[in-house]
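Take the sequence shown: its letters are residues 66 to 392, numbered as in the numbering used here.
Take a look at the structure set out below.
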Amino acid sequence: MVIAHEIQGALAIENSFNKEGLDHVVLVKIASAAIASKMLDHNHQQMNAVISNAFVDGQSLRTYRHFPNTGARKSWAAGDAGARGVKLAFISEVSDEHYPSVISAEVWGFNDVLMGDNPVKLERELNSYVMDNILYKVNFPAEFHAQTAAEAAIKLHPQVAFDDIAHINIHTQEPGVRIISKQGPLTNYADRDHCIEYIVAWCLLNGNLDANSYTDEAASDSRIDSLREITSTSENTEYTNRYYNLDERAIPNKVTVTLKNGDVMEEEVIYPLGHRERREESKPYLKQKFNNSLENTGLDQTFLSDAYNSQDLDKVEIYDILKKIYK
66 MVIAHEIQGA LAIENSFNKE GLDHVVLVKI ASAAIASKML DHNHQQMNAV ISNAFVDGQS
126 LRTYRHFPNT GARKSWAAGD AGARGVKLAF ISEVSDEHYP SVISAEVWGF NDVLMGDNPV
186 KLERELNSYV MDNILYKVNF PAEFHAQTAA EAAIKLHPQV AFDDIAHINI HTQEPGVRII
246 SKQGPLTNYA DRDHCIEYIV AWCLLNGNLD ANSYTDEAAS DSRIDSLREI TSTSENTEYT
306 NRYYNLDERA IPNKVTVTLK NGDVMEEEVI YPLGHRERRE ESKPYLKQKF NNSLENTGLD
366 QTFLSDAYNS QDLDKVEIYD ILKKIYK
């Protein structure tokens, strides 16, 4: 698990596939292929075959994450990519030919075909940085760049009334503007949970955010689009710098609400719940999320809860957990 996270995360840190129009699940596939190969105890030749084939594959476009094609594929894209990585590992059992210049070959290589002027690089040492700094999605079902915006808007909720709001400003990081700032109609659930303006509007109006906040019924509240129309979203360069700072990895947002009487209220949140700076604060929410996920599953909730609460996870056998899940 640590190795898979490190491969995927290190590549993500040094390369921006989404700026080239590619979905980041390419990294899920590469990491899954590599770790599946290791788990199958492949030799060096077979590992090279698996990883090079992961790059040879045509890569997923990001179009299903953006207007006008936002759709549910973004919910299963990572699973699909992971499955492909595992399949490539099994293929190498019978065909271990690899492609040594799959990334760098002129004209036909990964860089020339897909990456333009931004060739793939991996210069940082692979260790455990990604797992040490992992972000848990704890309390808000929203795209990660909007997590702190949702929290800020929820804090503002008791102080503002819909009829009193004149304007809303969202100050965010560059990826927040590029990836989830949207104007115009939002056509479905997947469109809404990746729209920072929708998320902030909902939280200001309702003071909460859950999986039902993006349904067609929820979106039928005309006040949401009314607030979106008076919302401006802009980059705060300090937030961007703190976002890309590897020693901090903050995801800051500030929501400023100007009322019709001229009063201004704002809330700033730098680190989302689930960030390493808020680990202890996150634990009760993670436990509740875990318990909620067990409801109506038919699984042995007592055993799994005991495993969750164990003070020495090294003594909890993964095999025993899997036996309880896959009967």
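For glycine and all other residues, C-beta sits at the position ideal for the given N, C-alpha and C.
Asked                                                                                                                                                                 : Found
Taking 6 Å as the limit between beta carbons, can you name the residues of its chain near Ala-99, skipping five residues before and five after?                       : Ile-72 and Ile-116
How about Lys-319 and Glu-300: are their beta carbons less than 8 Å apart?                                                                                            : no
Could you tell me which residues DSSP pairs with Met-330 in its beta bridges?                                                                                         : Val-322
Taking contact to mean 3 or more Cβ pairs, one atom from each stretch, closer than 8 Å, check whether the region 323 to 340 and the region 251 to 269 are in contact. : no
Taking DSSP as the reference, what is the three-state secondary structure of Leu-126?                                                                                 : strand
Roughly how many angstroms lie between the CA atoms of Thr-302 and Glu-79, to the nearest whole one?                                                                  : 19 Å
Does the distance from the CB of Ile-233 to the CB of Ile-316 come in under 8 Å?                                                                                      : no
Alpha carbon to alpha carbon, what distance is there between Met-66 and Trp-141?                                                                                      : 20 Å
What residues in its chain sit with their C-beta under 6 Å from that of Arg-293, if we drop five residues either side in the sequence?                                : Glu-262 and Ala-266
Rounded to whole angstroms, what is the Cα-Cα separation between Val-121 and Leu-105?                                                                                 : 21 Å
What separation, rounded to the nearest whole angstrom, lies between the Cα atoms of Gly-272 and Ile-230?                                                             : 15 Å
Please state the DSSP three-state secondary structure of His-131.                                                                                                     : coil
Counting along the chain, where does the alpha helix (DSSP H) carrying Ala-231 start and finish?                                                                      : Unbroken run through Ala-231 is the beta strand (DSSP E), 230 to 237; no alpha helix (DSSP H).
So, for Glu-342: in the same chain, excluding its five sequence neighbours on each side, which residues have a beta-carbon less than 7 Å away from its beta-carbon?   : Tyr-336
Decide if Lys-348 is buried, meaning its Cβ has at least 16 other Cβ atoms within 10 Å, or exposed.                                                                   : exposed
Buried or exposed, going by whether 16 or more other CB atoms sit within 10 Å of the CB of Val-33?                                                                    : It is not possible to answer for residue 33, since the shown part of the chain is limited to 66 through 392.
At the level of alpha carbons, what is the spacing between Trp-173 and Leu-251?                                                                                       : 38 Å
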